[in-house]
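Residue 60 in my numbering is what sits at position 39 of the sequence shown, and the numbering runs on without skipping anything. For each residue, glycine too, the CB sits at the ideal point set by N, CA and C. Quick caveat: nothing in here was measured; it's all calculated off a predicted structure. Encoded as structure tokens, the structure appears first; notes follow it.
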Amino acid sequence: MPGEVINIDGKTVKHSVSKTEGKKAIHLVNAWASKQRLVLAQQKVHERTNEITAIPHLIKVLELNGCLVTIDAMGTQTDIAQLLHSKGADYCLALKGNQRGLFQEVQKVFNNAQKNEWIGIEHSFYRTVEKGHGRIETRRYWTFSASIMTRNTDKWAGLQSIGIVESVRRIGDQTTNSTRYYLNSFASDAEKLAMAVRRHWSIENNLHWVLDVAFNEDDCPVHKDNAPENLARLRQISLNLLSQEKTAKIGVKNKRLKAAWDNKYLAKVLGI
């Protein structure tokens, strides 16, 4: 799916824990096509590891040529960037303190650029303002070429630009601020960064939240052997089928009920 934005993120199935058997709740890493609204793949994170080891297994099974892949800071690793680059994908990777040297340098460059009003630094800028539900949220996006960084970038395959997102949210008299940083394999383009960042929220809002609300995933107590992982996969397949059925103008939860009560509608969902 060239041009698609693929979000990779993890989700814990909370009630799959078994204290009597000494089992932790299972944690799954999902790949989500944000435009098509489809779950593409799922990888279980083994108990003694974390997402860093699971993400490469997920990437290897996906056809990513021409796609843009977004991953949170846990997956911001040089070998993951190399793997994405080798598969012909662009990436937008959140940068935090787990990449301390690069993180600190990016902060320093950005702070100096702001202080000097970006004089002498070629950059791209984009701004959005959203109003609603009693709040005003302003986001400012900057990107600049990674070539101006003096160190810590040579190990990042395909790295072309650095991105910064500054958010200011006002609700009544309360104001909150946040600044986030990104490593991008695409050329400096603040509007493209804004699109990638917003699309990444899709996996939380349109996949993980729906699995919890429409399928009650977090309340599922099944924990025996591979059953939690298998049921999670079945829920995702069901969500894919229900999401692609467009004739019923109702939510996923009500589509599930309709499919259970109406065999003709069930056949339509299944495409038979």
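To the nearest angstrom, report how far apart residue i and residue j are at their CA atoms.
i           : j           : result
residue 174 : residue 156 : 38 Å
residue 263 : residue 66  : 27 Å
residue 169 : residue 251 : 47 Å
residue 220 : residue 162 : 15 Å
residue 279 : residue 266 : 12 Å
residue 139 : residue 172 : 20 Å
Considering Cα atoms alone, identify which of the options is closest to residue i.
i           : options               : result
residue 187 : 226, 154 and 147      : 147
residue 60  : 276, 267, 254 and 279 : 254
residue 164 : 201, 197 and 268      : 201
residue 45  : 244, 133 and 103      : 244
residue 247 : 38, 121, 214 and 29   : 38
residue 297 : 259, 120 and 100      : The structure shown has nothing for residue 297, since the chain only spans 22 to 293.
residue 149 : 179, 213 and 230      : 213
With distances taken between CB atoms, is the gap from residue i to residue j smaller than 8 Å?
i           : j           : result
residue 206 : residue 112 : yes
residue 83  : residue 50  : no
residue 256 : residue 291 : no
residue 116 : residue 127 : yes
residue 240 : residue 48  : no
residue 118 : residue 87  : no
residue 223 : residue 144 : no
Taking 8 Å as the threshold (beta carbon to beta carbon), is residue i in contact with chain C?
i           : result
residue 210 : Here there is only one protein chain, and chain C is not present.
Just curious, the alpha helix (DSSP H) that residue i is in, first and last residue?
i           : result
residue 265 : 248-265
residue 72  : 72-81
Provide the residue span of the beta strand (DSSP E) that contains residue i, from first to last.
i           : result
residue 54  : 48-54
residue 184 : 182-192
residue 145 : 144-153
residue 90  : 89-92
Please look up how many angstroms separate the CB atoms of residue i and residue j, rounded, as I've assumed it's under 8 Å.
i          : j          : result
residue 57 : residue 75 : Actually they do not touch by this definition, with Cβ atoms about 23 Å apart.
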